[in-house]
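Just remember that this note's numbering sits 46 ahead of the position in the sequence shown, which is counted from 1. In this text, a Cβ means the ideal position worked out from N, Cα and C, and glycines have one as well. Below is one structure, written out as structure tokens; the observations come after it.
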Amino acid sequence: MTSPERPTSVRPVEYKGEALDGERGPGLGCFRFQLGILLVLVVLTPLSVAWDWDPGISAALLILTIIVLLFAGQTVIFLLRLVAADRRDGRRRPLSSATPTVGELEDEPAGVQPGPSRSDDPGPPGAGVRE
């Protein structure tokens, strides 16, 4: 079911038949670990051939490289779907931004200017400067 404010053409992002939950899948730490292993294998595999190691070891390193590459690719796909699901939930203001985002400006009714978003905002540049 879709909510009233969400158009029917926008479907929720699903993972294994359910709504995507970022807490249930691999995280960024897992992805970084996979990339570290992949980097070591990508460097070590050709060097094992150049150093004339046993061909069985070189073949095992090559197969292991392909397997780790497969898992890292699947993790990338999951993380990209997680980002897409987060963006579909709605626009959010970046934590460090005091100005409205482009999406918030587009959502404002025509002719209404949004006010400052923070109470400690000094206003336009030069507003508090005395000459």
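Could you have a look at Glu-154 and say whether DSSP puts it in helix, strand or coil? In the three-state reduction of the DSSP assignment, Glu-154 falls in the coil class, being assigned neither a helical nor a strand state.
Considering Pro-92, what are the terminal residues of the alpha helix (DSSP H) in which it resides? Where Pro-92 is concerned, the enclosing alpha helix (DSSP H) stretches over 74-96.
Please report the distance separating the alpha-carbon of Cys-76 from that of Thr-111. Roughly 16 Å between the two C-alpha positions.
If you measure between the beta carbons of Leu-87 and Val-122, is that distance less than 8 Å? No. Outside cutoff.
I need the straight-line Cα distance from Thr-48 to Leu-85, nearest angstrom please. Model confidence at Thr-48 stands at a pLDDT of 48, short of 50, so the residue's coordinates are unreliable; what they give is reported in the following sentence. Going from the Cα of Thr-48 to the Cα of Leu-85 covers about 43 Å.
Determine, using beta carbons only, whether Leu-107 and Ser-94 come nearer to each other than 8 Å. Yes, the Cβ-Cβ distance between Leu-107 and Ser-94 is below 8 Å.
Does Thr-145 pass the burial test, meaning 16 or more other C-beta atoms within 10 Å, or should it be called exposed? Exposed is the call here.
Own chain, CB closer than 8 Å to Pro-101, minus 5 neighbours either side, in chain order: No residues qualify anywhere along the chain.
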